[in-house]
Amino acid sequence: MPDDAYPDVDERDYDEELEQPVVPRLGSRRWWWIAAAVLVPAVALLAWIGVQNATDVITHRVINYRVADDRSVMVDFEVTRPRGWTVSCEVEALDVRFAPVGTAHVRVTADDRQDTTRTRTTLRTTSRAVTGTVKLCTRV
């Protein structure tokens, strides 16, 4: 083949490409160490928050309710909270459309001997209720 069949190539173009600075790349092991350094404390923090939220929990459960007449309903409920805490519970009476027809705030006093306290309250209502329930309990 004759020499004129190939185009003239300047060798300096290739040399310039080879002289470009190389970008340092982190190896895959280094990325694993960085990910572990970020994820391990994050998971530990989330676990700690979960344990803290689970230990100071107030729960309530309606045991029984009885509609006494068109103007009152009696609600028996149980509150579980950490020992020594005084709790205020909002008890509601609801009508057939689930609209509140009576509300009362019941204080459950602190007890150092037991976590669970059973309480009974009678709510006055504006019209006939079909159910009685505990809406919310909070620490006082």
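Take any residue in the sequence shown, note its place counting from 1, add 12, and you have its number in the numbering used here.
Quick reminder that beta carbons are idealized off the backbone N, C-alpha and C, glycines included.
Keep in mind the model is a prediction, meaning the values are calculated, not measured.
- Here DSSP, grouped into helix, strand and coil, assigns Pro-112 to strand.
- Rounded to the nearest whole angstrom, the CA to CA distance from Ser-100 to Trp-45 is 49 Å.
- In the DSSP assignment, Ala-80 falls within the beta strand (DSSP E) that extends over 71-81.
- Around the CB of Arg-93, 16 or more other CB atoms lie within 10 Å, so the residue is classed as buried.
- When the five nearest sequence neighbours on each side are left out, the beta carbons in the same chain lying within less than 6 Å of the beta carbon of Asn-76 are those of Asp-88, in order along the chain.
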